[in-house]
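Chemist: In the numbering used here, the protein residues as written are 53 to 265.
All C-beta atoms in this analysis are idealised placements derived from N, C-alpha and C, irrespective of residue type, glycine included.
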């Protein structure tokens, strides 16, 4: 029987947020209850805190935000390509129609995080701890999930192409609705994954077994 996953919880933001630009931003800066439309200069900060923030149409210009925290945050139509988010903590965060080319989530802790209609090739989630995370209609091409921990991670109908899962268990992960083109994974890590019949044939062949029709 297919295990029923807990629904991902959404960010909880006030209906009305003050619009502002993000100007001066240093280590340990704190942004709260704001709608950010532009960033005046590239960000290079650690241990920053964002709470109840809506980023809309923002180009992060390869920002550096290591060891930062995001709680009840929405990124909408943003470009976070090549942004460094290593060792961050995210809780109740949504990425909506965002560009995430090469975005680095290595060693991050993600809780109740959704990525919806995002272009996310070359994203890095290595050694990440991911609990209640959903990818919905995302392009995950050449993404890396090496030695990550998954707890209720959902891929929906996303495209998985040339994705690395080495050292990451996909037990109870439902891939059946994905466009599964190519994955790199060890045999023991694919055990317990949920796949469609067509996907099962491809995965069997991945490990050197020929299926005769």
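With DSSP run on the structure shown, which of helix, strand or coil describes residue 216?
Modeler: strand
Chemist: Tell me whether residue 126 is buried or exposed, calling it buried when 16 or more other Cβ atoms sit within 10 Å of its Cβ.
Modeler: buried
Chemist: For residue 251, which residues of its own chain have a beta-carbon under 6 Å away from its beta-carbon, when the five flanking residues on both sides are left out?
Modeler: 232
Chemist: Smallest Cα separation from residue 186: which of 121, 196, 169, 67?
Modeler: 169
Chemist: Taking residue 137 and residue 108 to be in contact with their CB atoms under 8 Å, please state how far apart those CB atoms are, rounded to whole angstroms.
Modeler: At roughly 18 Å, the Cβ-Cβ gap does not stay under 8 Å, so residue 137 and residue 108 are not in contact.
Chemist: Span of the alpha helix (DSSP H) holding residue 239?
Modeler: 239-242
Chemist: Output yes or no for whether 8 Å exceeds the beta carbon distance between residue 221 and residue 202.
Modeler: yes
Chemist: Would you call residue 223 buried or exposed, if buried means 16 or more other Cβ atoms sit within 10 Å of its Cβ?
Modeler: exposed
Chemist: With 16 as the cutoff for other CB atoms within 10 Å, does residue 196 come out buried or exposed?
Modeler: Label assigned to residue 196: buried.
Chemist: Hey, out of 191, 242, 174, 243, whose CA is closest to residue 133's CA?
Modeler: 174
Chemist: With residue 83 and residue 105 assumed to form a contact (beta carbons below 8 Å), what rounded beta-carbon distance in angstroms separates them?
Modeler: 6 Å
Chemist: What is the residue span of the alpha helix (DSSP H) that residue 253 lies within?
Modeler: 249-258
Chemist: Determine the contact status of residue 150 and residue 129, defining contact as a CB-CB distance below 8 Å.
Modeler: yes
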